[in-house]
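Colleague: In my numbering, the protein residues as written are 63 to 220.
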Amino acid sequence: MNLSATIAQIILDMLEQTGDAEIQRNELAQNLGCVPSQINYVLASRFTPEQGYIVESRRGGGGYIRIRRVKLDRGAVFMHVYHTVGAGIDEATCRAHIGNLLRQSLLTEEAAALFLAATADAALRDLPAGWEAAPAKDAGPSRDSVRASVFKQMLLIC
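1. What's the gap between the Cα of I160 and the Cα of S119?
2. Taking 9 Å as the threshold (C-beta atoms), are R130 and A83 in contact?
3. Hey, quick one: how far does the beta strand (DSSP E) through D82 stretch, first residue to last?
4. Which residue from T68, I151, G114, G148 puts its Cα closest to that of A138?
5. Give me the Cα-Cα distance between F213 and V132, rounded to the nearest whole angstrom.
6. Between the Cα of M216 and the Cα atoms of L186, F177, L105, which residue gives the shortest distance?
7. For R128, which of helix, strand or coil comes out of DSSP?
8. Would you give the residue range spanned by the alpha helix (DSSP H) that I101 belongs to?
9. In terms of alpha-carbon separation, which member of R209, V97, A179 lies closest to I151?
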């Protein structure tokens, strides 16, 4: 197991035991023999609001980082994802959102497969590649803008 996975597992174990995890970044880094920024990286990449976590920090000598799992109802999660998408979304980010919804059991395997198929670059191959590819109004829609529209509409019917 790599270091990031080890750090994440320690935090997940704490969450399982008490419902929240409170860590002192420097102390944890010292115990694991890594730099404190590695802890920051894990928190920023694996414990995000989109993944259902709230991370709070208090600075100073007695400072800490507290991680809590957020329990939102299905509709609130879908609306949160809907509002984070914006006018365009690339395939990798869209796949990450779909994976998160699947892991949270908010999508079935079948629904996730449909979401993935409808938002894949292969389904949108006749459109210009990225959001930046169609900056002018008369240039037509891009894959990323159409993908965002399709994804948002699918979220609304779930």
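In this text, a Cβ means the ideal position worked out from N, Cα and C, and glycines have one as well.
Modeller: Considering the structure as presented:
1. On the sequence shown, residue 160 is found 98 positions in, with the first residue counted as 1. On the sequence shown, residue 119 is found 57 positions in, with the first residue counted as 1. Rounded to whole angstroms, I160 and S119 show a C-alpha spacing of 28 Å.
2. Position 21 of the sequence shown, counted from the first residue, corresponds to residue 83. Position 68 of the sequence shown, counted from the first residue, corresponds to residue 130. Against a cut-off of 9 Å, the Cβ pair of R130 and A83 comes out as a contact.
3. By 1-based counting over the sequence shown, the position of residue 82 is 20. It spans 82 to 85 - the beta strand (DSSP E) in which D82 sits, taken as one unbroken run.
4. In the sequence shown, the residue the question calls residue 138 occupies position 76. For A138, the closest of T68, I151, G114, G148 by C-alpha to C-alpha distance is G114.
5. Taking the first residue of the sequence shown as position 1, residue 213 is located at position 151. Taking the first residue of the sequence shown as position 1, residue 132 is located at position 70. One Cα belongs to F213, the other to V132, and the distance between them is close to 23 Å.
6. Start at 1 with the first residue of the sequence shown, and residue 216 comes out as number 154. Of the listed residues, the one whose Cα sits closest to M216 is F177.
7. Sequence index remark: in the sequence shown, residue 128 carries index 66 (1-based). In this structure, DSSP gives R128 an extended state, which the three-state scheme calls strand.
8. For this step, residue 101 is matched to residue 39 along the sequence shown. DSSP places I101 inside the alpha helix (DSSP H), whose first and last residues are 98 to 108.
9. If you number the sequence shown from 1, residue 151 lands on position 89. With distances taken between Cα atoms, I151 lies closest to R209.
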